[in-house]
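Protein chains in written order, with our numbering: chain X, 1 to 212; chain V, 1001 to 1212. Backbone N, C-alpha and C fix where the C-beta goes; we use that ideal spot for every residue, glycine too.
2 protein chains.
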Amino acid sequence: MRVIVPFDGRDPKTRLSALFDYGDRNEFARAMLQDVVSVVQDTGRDPLILSSTPLEIGDCPVSVDERSLSRAVNERLQAASSAVAVVMADLPLITDAALERLCTREGDVVLARGVGGGTNALVSRTSDFEVDYHGNSYLAHRSTAREIGAAVAEIDSYRLATDVDEPDDLAELLLHGEGHATQWLRDQGFRLASGAGRTTVRRTDVTHEPSQ
Amino acid sequence: MRVIVPFDGRDPKTRLSALFDYGDRNEFARAMLQDVVSVVQDTGRDPLILSSTPLEIGDCPVSVDERSLSRAVNERLQAASSAVAVVMADLPLITDAALERLCTREGDVVLARGVGGGTNALVSRTSDFEVDYHGNSYLAHRSTAREIGAAVAEIDSYRLATDVDEPDDLAELLLHGEGHATQWLRDQGFRLASGAGRTTVRRTDVTHEPSQ
């Protein structure tokens, strides 16, 4: 199965700006992308990075497309002759098992929600389905799929729901991640910090060279 | 299967104090508890609320136990002669399917993580396993289970991971909930609010009577 992984490297992860400078955010975003691509390849599927800028991630094919996320993805969905998955690049907790669940679930449109209302991953088996990632896309995608008469399935996955956008999300990565992005965070000195509520992160006093 | 649902009604959901007064927090916590108990009953299992204070929730049996959460749960785990589940009371997004996955997964100890490092649900099929809900309990429970030689299974569920503790969690309930707690939130005037990042909530100007 073709798995499209959209990536916007122009100014990634701005909501982490309080913790990371521009160069760090680029490194971290690429480490997360690498984690996603690795799982796609490990499960024998065909990744295609749909990138707003030229990019190299191992031997993964990259298609540079400067249009909006939704337009770029829709062109691929409508041109596809078989099932296509779209998996966001900021899901470093993704595992082989989580991707298998997504890709093997029956349905014309299979949706995996993100925390905060986004659509973190989907499979489309109909060229009639169109995405619109603007705003609270999950409920909109479910409605769209039903309107075109598609059989809709929903995946209940913490690993697919956890896109990493905000400082608190980094705790999830340190708790449950094992890939490049987690290692990058640890190398930057981030560690779990337990307090009264949910576990958060703190930065320890390791020497690190800012990348910019 | 016996499903223990611990509930502490003494001062529930303090991290929602900026939005709700004491009476509201009590009502909301009970609405979430009702949602969890309903799913346990709907799937043909036997709920037991382990409560720090006397409580009535429909026809659900309640055992009042003033000891700490961990001590109260451990006594039940160690006395059990068959599999026991422990499901937190603040999981209003739980569905029949999510509970089925938890309870039917093979393993001596089956764990479902919570956002922020907690253990939101588990099944124990060995009287050797003990819980300790203090701090970052998920990784500790996994270690404990392995140390006693138990076969450990992990459930990857957004619905079980989403305990409702903080204001942002309310958005998840309005996005994906359908039970008593979601209805209670709507009745209080809460609606989804979309902005630049994740969907949040806003309170509309409905007339409502504070319960205290």
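Interface residues of chain X facing residue i [CB-CB closer than 9 Å]
| i | result |
| --- | --- |
| Asp1011 (chain V) | Under the 9 Å cutoff, chain X gives no residues; its nearest Cβ is about 13 Å from Asp1011 (chain V). |
| Asp1165 (chain V) | Gly197, Arg198 |
Opposing strand residues paired with residue i [DSSP bridges]
| i | result |
| --- | --- |
| Ala121 (chain X) | X:Val87, X:Ala112 |
| Glu154 (chain X) | X:Leu111 |
| Phe7 (chain X) | X:Ser51 |
| Val64 (chain X) | X:Ser51 |
| Arg36 (chain X) | Before going on, a small fix: residue 36 (chain X) reads as Val here, not Arg. Partner(s): none; Val36 (chain X) has no beta bridge. |
| Val1201 (chain V) | V:Leu1192 |
| Arg2 (chain X) | X:Asp46, X:Val84 |
Residue i: first and last residue of the uninterrupted beta strand (DSSP E) it sits in
| i | result |
| --- | --- |
| Phe1190 (chain V) | 1190 to 1193 |
Test item: CB-CB of residue i and residue j under 9 Å
| i | j | result |
| --- | --- | --- |
| Val131 (chain X) | Leu91 (chain X) | no |
| Thr1144 (chain V) | Gly1114 (chain V) | no |
| Ser52 (chain X) | Arg101 (chain X) | no |
| Leu1160 (chain V) | Leu1170 (chain V) | no |
| Ala1080 (chain V) | Ser1127 (chain V) | yes |
| Gly952 (chain V) | Thr1204 (chain V) | Beyond the ends of chain V as shown, which are 1001 and 1212, falls residue 952 (chain V); an answer cannot be given. |
| Glu1166 (chain V) | Arg1015 (chain V) | yes |
| Leu77 (chain X) | Phe7 (chain X) | no |
| Ser124 (chain X) | Ala85 (chain X) | yes |
| Arg1071 (chain V) | Leu1111 (chain V) | no |
| Leu1192 (chain V) | Gly117 (chain X) | yes |
| Arg45 (chain X) | Leu99 (chain X) | yes |
| Leu1033 (chain V) | Ala1089 (chain V) | yes |
| Val87 (chain X) | Val40 (chain X) | yes |
| Arg1025 (chain V) | Ser1082 (chain V) | no |
| Phe1129 (chain V) | Ala1097 (chain V) | no |
| Asn1136 (chain V) | Ser194 (chain X) | yes |
| Tyr133 (chain X) | Val73 (chain X) | yes |
| Gly179 (chain X) | Ala18 (chain X) | no |
| Val5 (chain X) | Leu69 (chain X) | no |
| Val152 (chain X) | Gly197 (chain X) | no |
Limits of the alpha helix (DSSP H) - the one that residue i falls within
| i | result |
| --- | --- |
| Thr1144 (chain V) | 1137 to 1147 |
| Asp169 (chain X) | 169 to 176 |
| His1180 (chain V) | 1180 to 1187 |
| Ser1070 (chain V) | 1069 to 1079 |
| Thr1104 (chain V) | 1096 to 1104 |
Chain-ordered chain X contacts of residue i [CB-CB under 8 Å]
| i | result |
| --- | --- |
| Leu1139 (chain V) | Leu175 |
| Arg1015 (chain V) | Gly197 |
Contact list for residue i against chain V, beta-carbon separation under 8 Å
| i | result |
| --- | --- |
| Ala171 (chain X) | Gly1116, Gly1117 |
| Arg76 (chain X) | Here the premise fails: no neighbours, minimum Cβ distance about 26 Å. |
Practice item. Return the residues of the stretch 181 to 203 of chain X that lie within a Cβ-Cβ distance of less than 7 Å from chain V, sorted by chain order. Key: Leu192, Ser194, Gly197, Arg198, Thr199
Check your understanding: Which residues, taken in chain order from the stretch 1094 to 1127 of chain V, show a beta carbon closer than 9 Å to some beta carbon of chain X?
Key -> Thr1095, Ala1097, Ala1098, Arg1101, Ala1112, Arg1113, Gly1114, Val1115, Gly1116, Gly1117, Gly1118
Review point. Quick one, which residues of the stretch 1129 to 1160 of chain V are near chain X if we go by CB-CB under 8 Å, in chain order?
Key: Gly1135, Asn1136, Tyr1138, Leu1139, Asp1156, Ser1157, Tyr1158, Arg1159, Leu1160
Exercise for review: Taking a Cβ distance cut-off of 8 Å, strictly less, list which residues of the stretch 26 to 47 of chain X are near chain V, in chain order.
Suggested key: none
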